[in-house]
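Engineer:
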Amino acid sequence: MRDTELYRYLLGIEEPWTVGRVTLDVENQRVDVWATHPEGIRWPCPECGAMTSLYDHAPERVWRHLDSCQFKTFLHAR
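Numbered per this note's numbering, the sequence shown spans residues 7 to 84.
1) Terminal residues of the continuous alpha helix (DSSP H) containing Arg14?
2) Given a threshold of 16 other Cβ atoms within 10 Å of its Cβ, counted over all protein chains shown, does Val68 qualify as buried or as exposed?
3) By the DSSP assignment, the beta strand (DSSP E) with Arg36 in it spans what residues?
4) Check the C-beta distance from Val25 over to Val39 and give it rounded, since I have them as a contact under 8 Å.
5) Roughly how many angstroms lie between the CA atoms of Lys4 and Leu72, to the nearest whole one?
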């Protein structure tokens, strides 16, 4: 099992989202996980629910997740 697949299961990330990258910093006891989605995916409009294409992205945000194996875990997404 690859690290990206492992963290997809650990964090409960579901389609259309997936884990694109995982970095491990042993010295600082930190794991960073990047959630990504496929290009061209259609998303529901928050106002009317109609499926629309993605126009642009907000700046990347980072959330602190529960620690994994005593390593601070951070989730990145746009």
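Glycine residues also receive a C-beta, built at the ideal position from the N, C-alpha and C atoms.
Structural biologist: The answer reads as follows:
1) In the sequence shown, residue 14 corresponds to position 8, counting from 1. Note, Arg14: alpha helix (DSSP H), Asp9 to Leu17.
2) As a position in the sequence shown, residue 68 is number 62, starting the count at 1. Per the 10 Å Cβ criterion, exposed.
3) Numbered from 1 along the sequence shown, position 30 holds the residue referred to as residue 36. Per DSSP, Arg36 is one residue of the beta strand (DSSP E) stretching across Arg36 to Thr42.
4) As a working mapping, residue 25 is identified with position 19 in the sequence shown. As a working mapping, residue 39 is identified with position 33 in the sequence shown. Correct: roughly 6 Å between the Cβ atoms.
5) Residue 4 falls outside the range modelled here, since the chain spans only 7 to 84, and no answer is possible.
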